Structure formats: C-alpha cells, structure tokens
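Undergrad: A single structure is presented below for examination.
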Amino acid sequence: MRPVKEALQHPIFNTVSEAAEALGVEVYVVGGYVRDHLLERPCTDVDFVCVGDGLELAEKVAELLPGKHKVSVFKNFGTAHIHEGDWDYEFVGARKESYSRNSRKPDVEPGTLEDDQLRRDFTINALGISLNADNYGELVDPFGGIADLDKQIIRTPTDPDITFSDDPLRMMRAIRFASQLGFSIHDKTWDSIKRQNERIDIISKERIRDELNKIILSPKPSLGLDLLFKSGLLVRFFPEMVELHGVEVRKGVSHKDNFYHTLKVLDNVAELSDDLWLRWSAILHDIAKPRTKAFNDKDGWTFHAHEFVGSKMVKRIFRKLKLPLNEHMKYVEKLVLLHLRPIALTKEVVTDSAVRRLIFDAGDDIDDLLLLSRCDITSKNERKVKHFLRNLDNVERKIDDVEERDRVRNFQPPVSGEEIMQIFGLKPSREIGVIKNALKEAILEGEIPNNREEALKFAVRKGKEMGLKEARTI
Ligand code: CTP
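Going by the working numbering, the first residue of the sequence shown is number 7, and it counts up by one from there.
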C-alpha cells in the first residue's frame, strides 16, 4: 500500500487546510480519493468533509486558489463543487445522515467526522486523512478500513441492513467494487444484500445502469455478474440474462449452461478489448437461446435462429436498462445477428462470395465480429478449441485476401441510382431498386468485378432484360 502522506502532494490540500484554519473548522479528505491513493489507482475526484459549513469552506478555497474559480452549490445535497484543470473537488459538512447521492431530503443533521464516516457505504470508502495543523496527514480509520483494504474485503461500517436501506444502490456498489478490485464481500454484508435484494426496485434505472456498466468494464466482469446473479439482484432488472442459467437434460442429452458460457465469452472479450459495446455484444450474443430452445431425437438440443431472435431483443433490453438507443445499440444488434457467421464459414468450403457477403454485412465491424467469434469458443476440449481457432485464422486470411481484391467493406455501389435513372430516362421507381439490388448481388456473388465500367455494363444489360429502353447511351 502507498504511504498516506504521499496522497497530499497536490497543492490543493494545503490550500484547503489554510482555508479551514482561517474559518476555524476541521477538515478531512475522505472517500474514494483516499481508497484509490492507497490502492495506487489514479483519482482526480477529491471529497473534503469539514466539521462545519462545507459551502462556506468551498467559497474560502475558491478565494485562495490562484485564478478565478466558480463554486457550484447543490443545495439538495448540501455540497459545493469546484473544478480545477483535470481535478474536481467536492465540499460537504460532516453529517449524521446517510451519505447518499440519492437523498431527496435537503436538510441533514450536522455531525462529527465519525458520524459521517459511519454513514458511508463501505469501510474502504470511509477512510479520512486529516488536513488540520495538529495532525496534518494522519489517517482517521475508526472502522477498520485499512485492515479491509489489506484483506481485500468489502464491508459496511455499520449494520449492513441500515447501510443498504439508506441507499439500496449500495448493494450494487458492493458488487461493483468487488468486481473492479477483485475483492470479496464480507459474509454479513453479503447476507444483507441477499435479504434485501428486492429493494433495488426503488432505485432509478439510470443509476443501476451506471453501476452495471462499471461492472461490465471491470477487468474480469464475470466476477461481478455472477455476484449480481447469486445475490438475486440481476433478476430484478435483467431477467433475460438470468434465463440463460441452467442445464436441461432430456434422454440423457444435456446442453451447456448458457449463463456461464456467456460469462466466459465476456471475460475472453474483456481480456482483448475495453470497449463497452463489444462487451455488451458478448453479454447478449446468446440471449435468445432460452426462447429458441428445442429438443429432437436426431439433433438433440437446438437453438435455431437464436441470433435473429436475439438481435431483435436488443432494443427492448436497451430501452429497459436505459442504455442508449443509438449507433451503439445498432452495433450490438449487428454483432448479435452475425455472431455465428465467421464460425459457419469454417464449416463449409469457403467460397469467395460467402466471404464477400460477410464483409459486406459486417462493414467496419468485421474485426470486432471476428474477435467475438474467437471468444465464443469456450469448449473445455483443448484440441477442439485449437481446431476452431485455426479454422478462424483461415477465415481471417481469406477475408483479408478478398477485401484487398474487391474492397466491399462499406460497399458503395459503383453506379448510383441517379445514374441508372438517367440511363433509362426514368423517375424514381421500383425498377431502379431492382437494378441496384441485382448489381450489388452480382458483385457479391463475384459475377462481375467491383468496378465502374463493368457495373455500368451490367446495369444496362439488366435494364434491357427488364424491358427498359436506354435514353442515353453510355
Ligand atoms: N458514498 C456512499 N454511498 C453512496 C455513494 C457514495 O457512502 N451511495 C460515499 C463513499 O464514501 C464514496 C464517496 O461517497 O467513497 C464518493 O462517492 P462516489 O464519487 O460515487 O464514489 P467513489 O467511491 O469515489 O468511487 P467511483 O469514483 O469509482 O464511483
């Protein structure tokens, strides 16, 4: 663990100390900044707690800081905020009430530093460093936060039932910190989460989403998602994912547990990419398996069309979880829809046209799609895995080859609809669409090369076949 004193190297700490002294109040650095410093994680958000009026202290700090600084006051939370370069400072008076961002109560009862620390979420977030002249730089740790950092434990400073009923989002925060830091959750804290899980229902979907995304972005997201599942929280806001869980056996034939398969795929992706939406694609790639599951004597378990059904489920899930309904959602829909295609290509003789179609359909996301495909191979049989990965290597080589020759990624038709209209003297009509589509198909099938000259010839030929007359010869 990094020495505490090193936490106070930035000039702000002296400035705040001076300001507090001038006002005759005690002040401490608390919360995430102290935790992250000790864990050697970067942090530029600092929370200051003073035993007195936090807003007055913020005004004084702004006065002492070089240059002009605006103090933003959040009356409802009793906090004041100053922004300086990359740094953010928050000032609050020590309170007896819960330290919840969600508190709708504007009045909070003033308290001592220890009252304030007691009503924070976890011991590791309730550490304070004094900025007062008599013990500047000293750690204030009444609830064993340092010991818990050492033992890598998430634990509430007081009875967890109180901590979580003050702000039920903290149940997700417990799991989020466990997942981000690789910590475990203390037994009593964990039991309380399991007991109170339905109270998450009163929390806004936006706050749940933010924690969920932080879990998904953690180094090994399966840790957090499995805890969400086992705590009974996940089913309350994302039941579709919970439905993936379980193994059914019929006539001695079982299928894999799609929940744990999904977590494995997600971890595989997380090792290779920090992209939230690629990680969401991993979470949702098999989401429709429970709905498409069927059994027959010949094939055993099947999940026909789960990629289509799954991609259709994305929007509803995004809407429910308040995820953005924009190009990120479209990207996830596309990856879910196409996730079987690269592997399918390894099973047949790979024709150029099949490869061209895949490049055409995936566009710029082809590399992400290939990465997802690789990560989707989770068999325990090493030989099988090697075999699939080798086949995927071949598909990748083939894709590079075809792409270099035909450049169908982000396909732009070499002849426009406008030009086809001119050639045949037509207004916008169904025929133009038919010719354009036939042209695209001919290029993808490899009947004609992807160049303008051949495309023009093809368009004319096709139009004539359809009984159209040239108005302008090319
Ligand atoms: N806090 C709390 N209960 C909450 C939210 C916050 O007790 N529901 C307290 C914790 O002491 C926390 C501090 O407020 O350390 C700051 O909260 P926040 O900025 O949300 O979290 P951090 O701990 O800084 O972590 P991160 O920046 O990763 O969200």
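Backbone N, C-alpha and C define an ideal beta-carbon position, used for all residues, glycine too.
Owing to the predicted nature of the structure, the values given are computational and were not obtained by experimental measurement.
Could you tell me whether the Cβ atoms of residue 378 and residue 275 are closer together than 8 angstroms?
TA: Yes.
Undergrad: Relative to the C-alpha of residue 293, which candidate in 463, 25, 314 and 427 has its C-alpha closest?
TA: Nearest of 463, 25, 314 and 427 to residue 293, Cα basis: 314.
Undergrad: What residues in its chain sit with their C-beta under 6 angstroms from that of residue 343, if we drop five residues either side in the sequence?
TA: Closer than 6 angstroms at Cβ, skipping near neighbours: 313 and 317.
Undergrad: Look up residue 56 in the DSSP assignment and give the residues it is bridged to.
TA: Beta-bridge pairing links residue 56 to 33 and 99.
Undergrad: Please report the straight-line C-alpha distance between residue 363 and residue 87, rounded to a whole angstrom.
TA: Approximately 54 angstroms between the Cα atoms of the pair.
Undergrad: Got a sec? Which residues, its chain only, sit under 6 angstroms from residue 149 by beta carbon, not counting five neighbours each side?
TA: Hits under 6 angstroms: 129, 132 and 163.
Undergrad: List the whole-angstrom C-beta distance separating residue 412 from residue 456, where the pair is believed to meet the contact cut-off of C-beta under 8 angstroms.
TA: Right, their Cβ atoms sit about 5 angstroms apart.
Undergrad: Rounded to the nearest angstrom, how far is the Cβ of residue 63 from that of residue 29, given a contact under 8 angstroms?
TA: Yes, they are in contact, since the Cβ atoms of residue 63 and residue 29 sit about 6 angstroms apart, within 8 angstroms.
Undergrad: Cα separation between residue 93 and residue 50?
TA: When rounded, the distance between both Cα atoms is 5 angstroms.
Undergrad: Which residues in the same chain as residue 224 place their Cβ atom closer than 7 angstroms to its Cβ, once the five residues preceding and following it in sequence are excluded?
TA: The answer, listed in chain order, is 185, 186 and 230.
Undergrad: Tell me which same chain residues have a C-beta within less than 6 angstroms of the C-beta of residue 431, skipping the five on either side of it?
TA: Result list for residue 431: 477, in chain order.
Undergrad: Checking 8 angstroms against the spacing of the C-beta atoms, do residue 194 and residue 237 come in under that value?
TA: It is not a contact, given that the beta carbons lie outside the stated cut-off.
Undergrad: Residue 214 to residue 284, Cα distance in whole Å?
TA: Looking at the two C-alpha atoms, the distance is approximately 20 angstroms.
Undergrad: Of all the options 203, 409, 241 and 392, which has the alpha carbon lying nearest to the alpha carbon of residue 360?
TA: Measuring from the Cα of residue 360, the nearest candidate turns out to be 409.
Undergrad: So residue 401 and residue 366 are supposed to be a Cβ contact under 8 angstroms. How far apart are they, rounded?
TA: That pair is no contact at about 15 angstroms.
Undergrad: Which runs of the alpha helix (DSSP H) at least 4 residues long sit entirely within the segment 241-321? Give them in chain order.
TA: Runs found: 245-248, 264-278, 282-290 and 295-298.
Undergrad: Would you say the beta carbon of residue 175 is closer than 7 angstroms to some non-hydrogen atom of the ligand CTP?
TA: Checking every heavy atom of the ligand CTP against the Cβ of residue 175, one is found closer than 7 angstroms.
Undergrad: When the Cα of residue 307 is compared with those of 20, 23 and 257, which residue comes out closest?
TA: Measuring from the Cα of residue 307, the nearest candidate turns out to be 257.
Undergrad: Please identify the residue among 141, 145 and 33 whose C-alpha is closest to the C-alpha of residue 44.
TA: Minimum Cα distance to residue 44 is reached at 145.
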